[in-house]
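In the numbering used here, the protein residues as written are 1 to 480.
Beta carbons: idealized from backbone N, C-alpha and C, even for Gly.
Since the model is a prediction, treat every value here as computed from it, not as a measurement.
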């Protein structure tokens with residue numbers, strides 16, 4: 001009865017907040033039946049037809065509220081200084097937990113509504129289905145500032161049309177998932193190199209455990225990011241299918257191949273925590289993990305990407321060395337690629353995470369604002385120095401123009417860490433265009449907690465089926 005009640009509450013919550021306008025809405029690949037946005041004003045141009053911006057104000061609402069918020073604000077201030085008297089971006093931020101609901105209400109009521117949104121890709125399908133955002137097309141056509149999705153990582157660019165043919169609803173900014181620091185000194189003392197697959201990882205960590213007398217992987221299963229990023233990464237590396245792209249429903253249990261992939265992912269994590277030689281801990285506070293790494297008691301430290309600078313600086317301070325020495329001799333960067341793949345396959349190096357996209361609010365009507373938005377988004381996603389600054393905040397650029405630029409390539413943190421955290425964006429996996437991402441995340445998180453908190457796998461089938469049914473019941477309820 002209790003489980004049934006939880007399912008009903010989850011269904012109600014997700015249905016009301018994510019699918020208020022009926023599931024897939026108009027974003028079904030057939031294109032809009034009619035434009036729900038409007039354009040007003042006359043574009044300011046010079047005698048050559050070039051756009052002239054005169055005190056255009058853009059209200060930007062961003063989901064970035066962590067340690068990377070201040071770098072983002074500094075970057076916006078830099079843009080404003082470079083475009084003084086032309087374009088001024090005013091930024092405010094809303095936390096991830098309430099972002100979609102808060103922004104949706106502001107746009108719907110046209111009260112303190114943003115002109116531009118910078119948020120996670122996973123929420124944009126619902127925004128489009130509920131007619132809260134509009135495409136960049138009119139701004140691009142008017143300004144001549146265009147975005148070619150061939151210039152962006154294909155794994156992210158595929159989500160920009162949101163099912164509307166020949167429309168651009170989003171511009172990819174970056175990618176982020178859990179990252180891995182490693183202790184170069186410990187690795188050298190072991191006489192080993194970084195592992196290239198799971199088998200090598202297990203062997204290395206078992207050797208490190210014997211030397212360190214403790215688990216060599218420092219990670220926190222109590223953090224949301226464990227269930228948001230790490231567990232889905234394990235699923236992806238074992239070839240799991242997250243949901244049906246047409247119905248958005250899960251087939252995690254009845255499809256035997258997919259159920260096997262889910263169980264392999266679960267066992268890959270469970271083996272690391274409860275194996276004959278445990279190499280990672282369960283439910284350890286995050287502060288303990290960082291302390292172990294800073295005190296040279298862990299070979300690997302799994303962390304959020306925006307902690308990049310703080311971890312390097314903390315290691316240098318703790319060990320009384322310079323930051324440059326910490327980077328060159330002690331703290332390295334690697335990725336989760338291959339860590340959970342129980343067998344070698346094309347999926348082994350996949351990494352699951354989020355991606356920030358820019359989107360234009362429905363409430364933005366002035367053509368000068370739409371053009372100015374294109375100028376700001378171009379600056380943010382196609383300027384090498386800007387991409388390098390954002391990378392220093394922990395985010396790998398989704399722009400091929402940026403990643404090929406001299407400023408980006410020459411950046412110390414990009415070279416030593418960012419490019420090692422994410423070896424190839426071709427292997428980066430996002431949740432994709434589902435309006436039920438919140439319900440999906442809840443079911444996946446529940447499954448992760450249920451299965452990885454015990455060494456006994458006898459209940460895995462039941463846990464998988466329960467998580468699957470909870471998600472599917474939510475979708476059925478929303479589509480009633």
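{"Item": "Measure the CB-CB distance between residue 235 and residue 265 and report whether it falls below 8 Å.", "Value": "yes"}
{"Item": "For residue 162 and residue 118, which I take to be in contact (beta-carbon distance under 8 Å), what is that distance rounded to the nearest angstrom?", "Value": "Residue 162 to residue 118, Cβ: 16 Å. No contact."}
{"Item": "If I measure Cβ to Cβ from residue 286 and keep anything under 7 Å in the same chain, skipping five residues before and after, which residues do I get?", "Value": "220 and 223"}
{"Item": "If the criterion is Cβ atoms closer than 8 Å, does the pair residue 170 and residue 410 meet it?", "Value": "no"}
{"Item": "Hey, residue 379 and residue 79 are a contact pair by Cβ (cut 8 Å); roughly how many whole angstroms apart?", "Value": "6 Å"}
{"Item": "If we require 3 or more residues per run, which beta strand (DSSP E) segments fall completely within the region 250-292?", "Value": "none"}
{"Item": "Tell me the rounded alpha-carbon separation between residue 127 and residue 105.", "Value": "11 Å"}
{"Item": "Looking at the structure shown, is residue 235 part of a helix, part of a strand, or coil, going by DSSP?", "Value": "helix"}
{"Item": "With residue 78 as the anchor, note down where its alpha helix (DSSP H) starts and where it stops.", "Value": "69-82"}
{"Item": "Which residue wins for smallest C-alpha separation from residue 83, given the options 94, 71 and 53?", "Value": "53"}
{"Item": "Could you tell me whether the region 233-249 touches the region 345-352, where touching means 3 or more Cβ pairs closer than 8 Å?", "Value": "yes"}
{"Item": "In the DSSP assignment, the alpha helix (DSSP H) including residue 241 goes from what residue to what residue?", "Value": "Note, residue 241: premise wrong, no alpha helix (DSSP H); not H, not E."}
{"Item": "Determine the extent of the alpha helix (DSSP H) in which residue 123 is found, giving its start and end residues.", "Value": "Careful: residue 123 lies outside any alpha helix (DSSP H) and carries neither H nor E."}
{"Item": "Smallest Cα separation from residue 487: which of 327, 307 and 473?", "Value": "Only positions 1 to 480 of the chain appear in the structure, and residue 487 is not among them; the question remains open."}
{"Item": "Beta-carbon within less than 6 Å of residue 197's beta-carbon, same chain only, minus the 5 sequence neighbours each way: which residues are those?", "Value": "338"}
{"Item": "Checking 8 Å against the spacing of the C-beta atoms, do residue 227 and residue 445 come in under that value?", "Value": "yes"}
{"Item": "Please list the terminal residues of the continuous beta strand (DSSP E) segment that includes residue 189.", "Value": "Looking at the DSSP string, residue 189 is not in any beta strand (DSSP E); the run it does join, the alpha helix (DSSP H), is 184-189."}
{"Item": "Can you look up residue 116 in the DSSP assignment and give me helix, strand or coil?", "Value": "strand"}
{"Item": "State the CB to CB distance for the pair residue 428 and residue 333, rounded to an integer number of angstroms; the pair is presumed to be in contact (CB under 8 Å).", "Value": "Incorrect: roughly 16 Å between the Cβ atoms, too far for contact."}
{"Item": "Would you kindly work out how many angstroms separate the C-alpha atoms of residue 463 and residue 231, rounded to a whole number?", "Value": "15 Å"}
{"Item": "Which stretch, first to last residue, makes up the alpha helix (DSSP H) that contains residue 478?", "Value": "460-478"}
{"Item": "Taking the alpha helix (DSSP H) that residue 155 belongs to, which residues open and close that run?", "Value": "154-157"}
{"Item": "Could you tell me the distance, in whole angstroms, from the CA atom of residue 315 to the CA atom of residue 389?", "Value": "21 Å"}
{"Item": "Who does residue 151 pair with in a DSSP beta bridge?", "Value": "Answer by DSSP bridge pairing: none, since residue 151 is not bridged."}
{"Item": "Could you pull the start and end residues of the beta strand (DSSP E) that residue 402 belongs to?", "Value": "Taken as a continuous stretch (DSSP letters only), residue 402 belongs to no beta strand (DSSP E), being part of the alpha helix (DSSP H) at 400-403."}
{"Item": "Who does residue 354 pair with in a DSSP beta bridge?", "Value": "176"}
{"Item": "Roughly how many angstroms separate the alpha carbons of residue 142 and residue 272, rounded to a whole number?", "Value": "55 Å"}
{"Item": "Take every Cβ of the region 412-423, pair it with every Cβ of the region 92-111, and state whether three or more of those distances are shorter than 8 Å.", "Value": "no"}
{"Item": "Return the first residue and the last residue of the beta strand (DSSP E) that residue 90 is part of.", "Value": "87-93"}
{"Item": "Skipping 5 residues on each side, what residues in its chain have a beta carbon closer than 8 Å to that of residue 255?", "Value": "241"}
{"Item": "Taking the alpha-carbon positions, what's the residue 173 to residue 357 distance?", "Value": "5 Å"}
{"Item": "Between the C-alpha atoms of residue 278 and residue 215, what's the straight-line distance to the nearest angstrom?", "Value": "6 Å"}
{"Item": "Using a Cβ-Cβ cut-off of 6 Å (strictly less than) and excluding sequence neighbours within five positions of residue 401, which residues of its own chain qualify?", "Value": "151 and 382"}
{"Item": "Within the same chain, show all residues whose beta-carbon is closer than 6 Å to that of residue 443, passing over the 5 residues directly before and after it, in chain order.", "Value": "467, 470 and 471"}
{"Item": "Taking C-beta to C-beta, are residue 51 and residue 87 nearer than 8 Å?", "Value": "no"}
{"Item": "Assuming residue 362 contacts residue 167 (C-beta within less than 8 Å), just tell me the rounded distance between them.", "Value": "Actually they are not in contact, since the Cβ atoms of residue 362 and residue 167 sit about 14 Å apart, beyond 8 Å."}
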